[in-house]
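> In this note's numbering, the protein residues as written are 389 to 681. Even glycine gets a Cβ: it sits at the ideal position worked out from N, Cα and C. It should be emphasised that the depicted structure is a prediction, and the values quoted were computed from it without experimental measurement. For reference, the structure I am asking about is given below.
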């Protein structure tokens with residue numbers, strides 16, 4: 389009798405423990421953090437876009453500057469993304485139009501790597517550029533660069549066409565998730581400039597922000613711009629996440645800003661001078677009498 393009671397107690401205990409464990413598996417699943425340890429977010433979070441409007445002023449020559457631009461980014465599977473850029477600019481009363489296409493792979497927690505081609509065309513010239521584009525994410529710091537080969541063709545037959553290397557780079561710091569400050573520079577076919585910029589997203593739910601930029605050209609010209617940005621996509625996303633999970637910079641704007649004088653004014657030389665290649669990718673004016681026949 390005692391043995392039968394003991395067996396009954398043991399069997400009841402086993403089934404009770406088993407039922408409890410089964411209930412734990414159903415009611416208390418593993419935390420998501422345990423499953424997300426090796427999770428890599430997609431290169432582009434989803435179909436998204438942005439619009440930009442900028443107004444400013446350039447010295448030497450004195451001119452108001454207007455820019456409007458838009459970008460659309462789309463995922464291609466989880467590992468890749470595509471982006472198209474368009475832009476229109478007014479400088480010294482002359483209008484120019486530009487575009488760019490990005491193809492890239494990205495881990496939003498660490499890097500972006502791809503190839504980008506872009507152009508800007510005006511009544512005086514057409515500038516084209518293509519090369520690798522890369523970004524590196526280090527906490528609140530981002531390193532961004534685009535470099536490669538560029539060429540510019542002028543409509544004036546007396547103005548020599550140019551080709552050579554170009555490079556555009558920025559070092560950015562996110563003081564908060566919605567406020568970015570950056571310093572950068574560009575070298576495009578001999579036109580060099582230094583840039584300081586900032587962007588603040590004041591309404592994350594609506595994707596609205598303001599931006600500002602100051603650029604110093606090696607010719608002595610200085611440009612200052614202020615603008616408004618609107619992001620189209622997931623509402624409530626922080627600025628740093630929009631930059632790393634959605635759209636790379638609009639590179640049509642990068643070309644225009646870094647080579648505005650080259651695009652519209654050309655390589656100006658005085659009477660009796662000619663624009664010539666003096667180094668690997670450096671051009672300068674020299675007296676015609678000094679140029680070897």
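(1) What three-state label does DSSP hand residue 502 in the structure shown?
(2) Taking just the CA atoms, how far does residue 503 sit from residue 608?
(3) For residue 545, count neighbouring Cβ atoms within 10 angstroms of its own Cβ and tell me buried if that reaches 16, exposed if not.
(4) Residue 422 to residue 428, Cα distance in whole Å?
(5) Of all Cβ atoms in chain D, is any one closer than 8 Å to the Cβ of residue 589?
(6) Do the segment 476 to 491 and the segment 452 to 460 touch if we need at least three Cβ pairs shorter than 8 Å?
(7) Let me know if residue 637 comes out buried or exposed under the rule of 16 or more other beta-carbons within 10 Å of its beta-carbon.
(8) According to DSSP, is residue 523 part of a helix, a strand, or is it coil?
(9) Out of 602, 584, 575 and 599, point me to the one whose CA is closest to residue 647's CA.
(10) Since I believe residue 592 is in contact with residue 566 (beta carbons under 8 Å), could you give me their beta-carbon distance rounded to a whole number of angstroms?
(11) Taking the beta strand (DSSP E) that residue 530 belongs to, which residues open and close that run?
(12) Comparing alpha-carbon positions, which option in 569, 557 and 616 lies nearest residue 643?
(13) In its own chain, which residues sit with a C-beta less than 7 Å from the C-beta of residue 516, not counting the 5 before and 5 after it?
(14) What's the gap between the Cα of residue 617 and the Cα of residue 446?
(15) Let me know the secondary structure DSSP gives residue 633 once reduced to three states.
(16) Hey, out of 631, 619 and 603, whose CA is closest to residue 649's CA?
(17) Assuming contact is defined by CB atoms lying nearer than 8 Å, are residue 528 and residue 499 in contact in what I supplied?
On the basis of the supplied data:
(1) strand
(2) 32 Å
(3) exposed
(4) At residue 422, the pLDDT of 39 sits below 50, so the modelled position is not reliable; the number obtained from the coordinates is stated separately. Their Cα atoms are separated by approximately 14 Å.
(5) Note that chain D does not occur in the displayed structure, where there is just one protein chain.
(6) yes
(7) buried
(8) strand
(9) 575
(10) 6 Å
(11) 529 to 542
(12) 557
(13) 507, 538 and 539
(14) 21 Å
(15) helix
(16) 603
(17) no
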